[in-house]
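Novice: Please read through the structure below; I'll follow up with questions.
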Amino acid sequence: MTTFNFSIPRQTQHLWQTISSHWSHYNRPDKQRFLGSIQISQKATDQVLDVVGYNLSNLSTVTYNKLYERFDEPEQNWLKILTFALSEYAYYYSSVEEKFWYGFCQRLKLSCNQSLEKTLRRIVGEGFDLLGLVKAKGGYPYVSTLWLQSGIPQQNLNHFAHLVQEFSNEYGWWEIAHSSCEDISEELFDFCHEKHPQWTTLIHFLKSSCPQKENEEVEPISGQLLQGIAIIAVELERQGTLPETLKDDNEREKLLRNYYLPNNFFLRDWNSLIQVLTPKQRRFGNSRKIISRRQKPLSLVLDVTESLNMQLVLPEQSLWKKGWERLSGTFCQIPAAHWEGTIPNNPGLMIPEQVVNIKSGAELWEWQLLDHRKNCLNEWKLEGVASNLPCLIFDAGTGEHLNLDSTNPSIRGAKEIIFFTPKGVCLDFGNGIEIVDTCVPSSIRGWQGKQLTLTTKESSIVFIAFSDEEITTFPTISWKLSYEEQPSLRGLKLKGKKSVYLEIPTFWYPPIEGQISLNVSIENITHQKTIITTTEIIQPSDKWQAIPLDKWIIEAGKYEARFWNQFHRWSYKFETQSNYQMASKPEIKSLLISSSSQGQVENLPIHNGSADTFWAEEIQMKGLLPLEIIGLSLYDRQETVFSQCQADSLGNLHINLASFYNLLSPHSNWYALDFQRIGGETQRLIEMEVASLVISCTWDNQAVQISGLLPNELYSLSCWNLLLPENSPVEIKIYPVSSNEDKINVPLKLQPGIYNIQILGSRKLRHNLGWWCGSNQNDLPDEVLENETLENYCYTILGDESVQDFLNAAQHFDYEYQLLKTAIHSLCGLAYFFPKWLDNNSLTNKLQALLNTFKIELTNPARREEKTISKAKNNNIADTKKNWLLIKITSPQKREYVHNIIRHIEKKDNLKNEILSIQLPKQWIYKDSILMQCTNIKNVQSYIQEVEYVQTTQPLTYQDAQKIS
Numbered sequence: 003m004t005t006f007n008f009s010i011p012r013q014t015q016h017l018w019q020t021i022s023s024h025w026s027h028y029n030r031p032d033k034q035r036f037l038g039s040i041q042i043s044q045k046a047t048d049q050v051l052d053v054v055g056y057n058l059s060n061l062s063t064v065t066y067n068k069l070y071e072r073f074d075e076p077e078q079n080w081l082k083i084l085t086f087a088l089s090e091y092a093y094y095y096s097s098v099e100e101k102f103w104y105g106f107c108q109r110l111k112l113s114c115n116q117s118l119e120k121t122l123r124r125i126v127g128e129g130f131d132l133l134g135l136v137k138a139k140g141g142y143p144y145v146s147t148l149w150l151q152s153g154i155p156q157q158n159l160n161h162f163a164h165l166v167q168e169f170s171n172e173y174g175w176w177e178i179a180h181s182s183c184e185d186i187s188e189e190l191f192d193f194c195h196e197k198h199p200q201w202t203t204l205i206h207f208l209k210s211s212c213p214q215k216e217n218e219e220v221e222p223i224s225g226q227l228l229q230g231i232a233i234i235a236v237e238l239e240r241q242g243t244l245p246e247t248l249k250d251d252n253e254r255e256k257l258l259r260n261y262y263l264p265n266n267f268f269l270r271d272w273n274s275l276i277q278v279l280t281p282k283q284r285r286f287g288n289s290r291k292i293i294s295r296r297q298k299p300l301s302l303v304l305d306v307t308e309s310l311n312m313q314l315v316l317p318e319q320s321l322w323k324k325g326w327e328r329l330s331g332t333f334c335q336i337p338a339a340h341w342e343g344t345i346p347n348n349p350g351l352m353i354p355e356q357v358v359n360i361k362s363g364a365e366l367w368e369w370q371l372l373d374h375r376k377n378c379l380n381e382w383k384l385e386g387v388a389s390n391l392p393c394l395i396f397d398a399g400t401g402e403h404l405n406l407d408s409t410n411p412s413i414r415g416a417k418e419i420i421f422f423t424p425k426g427v428c429l430d431f432g433n434g435i436e437i438v439d440t441c442v443p444s445s446i447r448g449w450q451g452k453q454l455t456l457t458t459k460e461s462s463i464v465f466i467a468f469s470d471e472e473i474t475t476f477p478t479i480s481w482k483l484s485y486e487e488q489p490s491l492r493g494l495k496l497k498g499k500k501s502v503y504l505e506i507p508t509f510w511y512p513p514i515e516g517q518i519s520l521n522v523s524i525e526n527i528t529h530q531k532t533i534i535t536t537t538e539i540i541q542p543s544d545k546w547q548a549i550p551l552d553k554w555i556i557e558a559g560k561y562e563a564r565f566w567n568q569f570h571r572w573s574y575k576f577e578t579q580s581n582y583q584m585a586s587k588p589e590i591k592s593l594l595i596s597s598s599s600q601g602q603v604e605n606l607p608i609h610n611g612s613a614d615t616f617w618a619e620e621i622q623m624k625g626l627l628p629l630e631i632i633g634l635s636l637y638d639r640q641e642t643v644f645s646q647c648q649a650d651s652l653g654n655l656h657i658n659l660a661s662f663y664n665l666l667s668p669h670s671n672w673y674a675l676d677f678q679r680i681g682g683e684t685q686r687l688i689e690m691e692v693a694s695l696v697i698s699c700t701w702d703n704q705a706v707q708i709s710g711l712l713p714n715e716l717y718s719l720s721c722w723n724l725l726l727p728e729n730s731p732v733e734i735k736i737y738p739v740s741s742n743e744d745k746i747n748v749p750l751k752l753q754p755g756i757y758n759i760q761i762l763g764s765r766k767l768r769h770n771l772g773w774w775c776g777s778n779q780n781d782l783p784d785e786v787l788e789n790e791t792l793e794n795y796c797y798t799i800l801g802d803e804s805v806q807d808f809l810n811a812a813q814h815f816d817y818e819y820q821l822l823k824t825a826i827h828s829l830c831g832l833a834y835f836f837p838k839w840l841d842n843n844s845l846t847n848k849l850q851a852l853l854n855t856f857k858i859e860l861t862n863p864a865r866r867e868e869k870t871i872s873k874a875k876n877n878n879i880a881d882t883k884k885n886w887l888l889i890k891i892t893s894p895q896k897r898e899y900v901h902n903i904i905r906h907i908e909k910k911d912n913l914k915n916e917i918l919s920i921q922l923p924k925q926w927i928y929k930d931s932i933l934m935q936c937t938n939i940k941n942v943q944s945y946i947q948e949v950e951y952v953q954t955t956q957p958l959t960y961q962d963a964q965k966i967s
């Protein structure tokens, strides 16, 4: 056989056909094949090694170029044979990685040197791709891939089987099957090193599956093998199948095809392991846990579900390193996350999930775990904002941070993104990119974002920074869509990054052209039980299709859901904390309400003419659910008292208002009682009628509900924004209420801010309703973005800044004294609607300090009128003079880019005295225009006409300009 000559294509073709005829994985998809499935004897393997050695020894020197020159053939069969020979050598003869190439050369009777090793590595890497083999990652990529082809080297099989037996007795199959491959590899290595230090050959193999340096990426071959064996053991036990079934190659292939095995799982020889798979009684309380000692990485995300803050997230993890046992019982901390803990006596420091909002950018984010002496025990690092690519990009749907290569930046897969850059950076978009939101608030100060969507296959983004001296152009970012959408698990989740659902989630599969079969497995991790293993058929469709998990999961707990077929696999670990499923909706009965004064009541509310009759009223409600809890709200002019009461077992409820008498002031001339069923709207139950007008309101994050308004009267809301202190209050008209309306809902469609709201009436009514804020902490009004002084002032209110910082920022603005005084009074005494991040006490302290320390000048109406008249006179003089310029842009998307260029020209060419103002018209028909006021219009026009994307320029009079602006 050694006479086979690789220089003769016919001979190499014949040899490879003979070998591949025994390859059971030959017809598998690319990157799913293992050479170990070629079933030939060791004697035949030795003959192949001899052939390879004969042909390589005939070369004067074995180099990459000489191999391809001497063995030149289109199908490269010589390369396939050489790769197979290396795989067989790895199975039968190799032990320690450092001596692998030396041992291979010795076996082939070749003189080993570094040049030959380098050539063999390069050649075998091409052989992996040519044969479509499963490949290892990290570590020793070539040797690990060769070991991977057969699973366990032959000389380690008996020791490995014995080790697996001991390990499974210690931990149990279920624990091994549901631990990560990386953790299993490290635990197995330590276990073998402790129990059998004399098994040096196996220890060397197990060591190659574990990282030797921090953050080193290694293929966990031993962990993958053991996890796969454990999964098989669990399934055999569940199905009641004897391990002896695995002896038959064909039966084994059919059986394993239905199991959710690791991607890189393959075992060449099963004989020594079949006895290990014998079912054993499961021990829930006595089995040890595999402790994860790997640190989980720090990540950057965007909270797209609520705050839109950029956040650093450290996943929940258990850490332990050698030497930490000396620190047991001592204090430890992660200062960056404000987390503190105690190092335990037993291995496994549990660090819960940490989420920190980012307020400033950094080139590198670094967190450290410190001991009680501030020595670093562990650290997490995450690359941040590159100096040559100052931007942060997130998937708009998931909030996932999209990492960019700063030398060749590209976005792949995401259809919609949120693109954050420092202010002063101008974005220029290619065709097919549409702007969804022009101003997304940023938690990083001095930054702002844009939400973009890609409507074509690919496009690009250019961003440019402007300074007083130069224009900096950063690398162009390419943006391409991914045509392979991935399935996802969706459902109502608790806030946070952990998968904790408030409902049973649903698995969604993306649109497909052909029918596919999908294996499904649902396991209860808490009870260590497989709930279902089944097959679902996904039909061809251009829409996403759902596989609801609530048909298998019926109670709260921790679960793992697995979905797989021959080509793909997805696994999700999650927790459900409550189950809201109901077999059918309960029948809702009509309520029967009666009062002691009026008997059966047809229409609510019940009206009383005096306080005495109100407090003497007794109300009976029938038709509630048994033991149903009802919420009550009792009002007078000054305050509201909340209470609860419960129906009896028959659904009856008796309310005696006299029992509430001492809860409110006895001197009020108006009272009311509302009730609310769980999940229902608040209803007025009883009300005391008085001649005077009594106005009350309830707030939510989008509107205010006002009651007590007179019918057919004109009212409006006066909304003063604390973030824009010098602006006049925004007025919102209220439609007249009809005589049968008790409440009116007024939408608060206001730009971001913190508002003091009053209601104004046609009869000189001015009534304070209270304070309202419906925006996020980093949302700012549009005009703040161009005013750094105003922006700094806003952040002293929105952030955690001190009262003094607020006063320093506020001194730049004039306040309406009476308006401020009234606003503070209503903040202290009236109801308000603030999100969680806005503290009422802190805001009250700042405004009270402002009222006490500021010397606020009252606005002089006469001076204001004089100023207005003077301005009007000047305008009349300039009415006919064309000192305004309307600039038409080629596309609305280029307006901001041109606006920044003009600002740059203004500074660079010293045109500040000639350009008085630059405006971006808000009217829709002028969305592609810029309006400028100039002193020397011809000179400015000559500069503007040279700017890229400027289509036309048109001089205008003051009157024409006012119509546009």
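Following the numbering used here, the numbering of the sequence shown begins with 3 at its first residue and continues without gaps. Think of the CB as a built atom: it goes at the ideal place given N, C-alpha and C, for glycine as much as any other residue. Treat the numbers as computed from the prediction; the structure is a model and nothing was measured.
Throw me the rounded Cβ distance for the Trp449 and Thr478 pair, which I believe falls under 8 Å.
Specialist: Not quite, the Cβ-Cβ distance comes to about 21 Å (not below 8 Å), so this is no contact.
Novice: Out of Ser599, Ser490, Ile556, which one is the CA nearest neighbour of Trp546?
Specialist: That would be Ser490, whose Cα lies nearest to the Cα of Trp546.
Novice: In three-state terms, what does DSSP make of Leu69?
Specialist: Three-state DSSP puts Leu69 in a helix.
Novice: Could you tell me how far apart the beta carbons of Phe815 and Glu728 are, in whole angstroms, since I believe they sit closer than 8 Å?
Specialist: Yes, Phe815 and Glu728 are in contact; Cβ-Cβ is about 5 Å, under 8 Å.
Novice: Our contact map puts Cys428 next to Glu743 with C-beta atoms below 8 Å; I'd like the distance itself, whole angstroms only.
Specialist: Not quite, the Cβ-Cβ distance comes to about 51 Å (not below 8 Å), so this is no contact.
Novice: Going residue by residue through the region 16–96, where are the continuous alpha helix (DSSP H) segments of at least 4 residues, counting only ones entirely within it?
Specialist: Listed in chain order, the complete alpha helix (DSSP H) runs (minimum 4 residues) inside the region 16–96 are 44–59, 66–72, 79–94.
Novice: With a threshold of 7 Å on Cβ separation, who are the neighbours of Trp149 within its own chain once the five nearest residues in sequence on each side are excluded?
Specialist: Correct list, in chain order: Ala92, Pro155, Ile223.
Novice: Suppose contacts are defined by Cβ-Cβ distances below 8 Å. Is Ser709 in contact with Ser718 by that definition?
Specialist: It is not a contact, given that the beta carbons lie outside the stated cut-off.
Novice: Indicate the three-state DSSP secondary structure (helix, strand or coil) for Phe569 in the structure shown.
Specialist: Coil.
Novice: Specify whether the region 231–251 and the region 193–209 touch according to this definition: at least 3 beta carbon pairs, one from each stretch, less than 8 Å apart.
Specialist: Because the criterion of three Cβ pairs below 8 Å is not met, the region 231–251 and the region 193–209 do not touch.
Novice: Between which two residues does the beta strand (DSSP E) harbouring Lys361 extend?
Specialist: Note, Lys361: premise wrong, no beta strand (DSSP E); not H, not E.
Novice: Would a C-beta distance cut-off of 8 Å place Ile555 and Ile506 closer than the cut-off?
Specialist: It is a contact, given that the beta carbons lie within the stated cut-off.
Novice: Buried or exposed, going by whether 16 or more other CB atoms sit within 10 Å of the CB of Ile10?
Specialist: It is exposed - the Cβ of Ile10 has fewer than 16 other Cβ atoms within 10 Å.
Novice: When burial is assigned at 16 or more other CB atoms within 10 Å of the CB, is Gly129 buried or exposed?
Specialist: Flag for Gly129 reads buried.
Novice: Just to confirm the assignment, what range does the beta strand (DSSP E) spanning Tyr951 have?
Specialist: Where Tyr951 is concerned, there is no enclosing beta strand (DSSP E), given that its DSSP letter is neither H nor E.
Novice: So, at 6 Å on beta carbons, what are the nonlocal neighbours of Leu849 in its own chain, with the 5 sequence-adjacent residues on each side left out?
Specialist: Cβ neighbours of Leu849 beyond the five flanking positions: Ile826.
Novice: Start and end of the beta strand (DSSP E) containing Arg686?
Specialist: From DSSP, the beta strand (DSSP E) with Arg686 extends over 685–690.
Novice: How close, in whole Å, do the beta carbons of Tyr951 and Val900 come, if the pair is a contact with beta carbons under 8 Å?
Specialist: Going by Cβ atoms, the distance from Tyr951 to Val900 rounds to 5 Å, so yes, they are a contact pair.
Novice: Can at least three beta-carbon pairs, one atom from the region 72–89 and one from the region 26–35, be found at a separation below 8 Å?
Specialist: Verdict: no, contact absent.
Novice: Of all the beta strand (DSSP E) runs that stay within the bounds of the region 476–516, which reach a length of 3 or more residues?
Specialist: Counting only runs of 3 or more, we get 479–483, 490–492, 508–511.
Novice: Report the residue ranges of all beta strand (DSSP E) runs contained in full by the region 309–389; include only those spanning at least 3 residues, in chain order.
Specialist: Taking only runs of at least 3 residues, the beta strand (DSSP E) segments lying wholly in the region 309–389 are 312–316, 319–321, 333–336, 341–344, 351–353, 356–359, 366–373, 378–385.
Novice: Taking the alpha-carbon of Ala618 as reference, which of Glu604, Ser645, Asn658, Leu626 has the nearest alpha-carbon?
Specialist: Checking every option, the nearest Cα to that of Ala618 belongs to Asn658.
Novice: Taking Val442 and Gln453 to be in contact with their CB atoms under 8 Å, please state how far apart those CB atoms are, rounded to whole angstroms.
Specialist: Sure, about 5 Å apart at Cβ, within 8 Å.
Novice: Using 8 Å as the Cβ pair cut-off and three pairs as the minimum, do the region 351–361 and the region 306–324 touch?
Specialist: The region 351–361 vs the region 306–324: in contact.
Novice: Compute the Euclidean distance between the alpha carbons of Leu913 and Phe835, then round it to the nearest angstrom.
Specialist: Between Leu913 and Phe835, the C-alpha separation is close to 47 Å.
Novice: Run the CB neighbour count on Cys830, radius 10 Å, all protein chains shown included, and call it buried at 16 or more, exposed below.
Specialist: Exposed, since its Cβ has fewer than 16 Cβ neighbours within 10 Å.
Novice: To the nearest angstrom, how far is the alpha carbon of Asn878 from that of Val942?
Specialist: A caution first: Asn878 carries a pLDDT of 42, below 50, which makes its placement in the model unreliable, though a value can still be read off. One C-alpha to the other measures close to 24 Å.
Novice: Using the rule of at least 16 other Cβ atoms within 10 Å of the residue's Cβ for burial, across every protein chain shown, is Leu248 buried or exposed?
Specialist: Answer is buried; the Cβ neighbour count reaches 16.
Novice: Rounded to whole angstroms, what's the CA-CA distance from Thr959 to Glu788? Just pull it up for me.
Specialist: Cα to Cα, Thr959 sits roughly 26 Å from Glu788.
Novice: Let me know if Cys378 comes out buried or exposed under the rule of 16 or more other beta-carbons within 10 Å of its beta-carbon.
Specialist: Cys378 is exposed by the Cβ-count criterion.
Novice: Taking a contact to mean a Cβ-Cβ separation below 8 Å, would you say Ile734 touches Cys721 in this structure?
Specialist: Their beta carbons are under 8 Å apart, which means Ile734 touches Cys721 by this criterion.
Novice: With 16 other CB atoms within 10 Å as the buried threshold, where does Arg35 fall?
Specialist: With 16 or more other Cβ atoms within 10 Å, it is buried.
Novice: Can you give me the Cβ contacts of Ile42 inside the same chain, cut-off strictly under 6 Å, excluding the 5 residues immediately before and after it?
Specialist: Only His24 meet the Cβ criterion.
Novice: On the CB-based measure, 16 or more other CB atoms within 10 Å of its CB, does Pro513 come out buried or exposed?
Specialist: Classification of Pro513: exposed, given that the 10 Å Cβ count is below 16.
Novice: My guess is that Val805 and Ala851 are in contact by the Cβ rule of under 8 Å, so how many angstroms apart are they, rounded?
Specialist: Correct: roughly 5 Å between the Cβ atoms.
Novice: Rounded to whole angstroms, how far is the Cβ of Glu418 from the Cβ of Ala398, which I believe are closer than 8 Å?
Specialist: Right, the Cβ-Cβ distance comes to about 4 Å (below 8 Å), so this counts as a contact.
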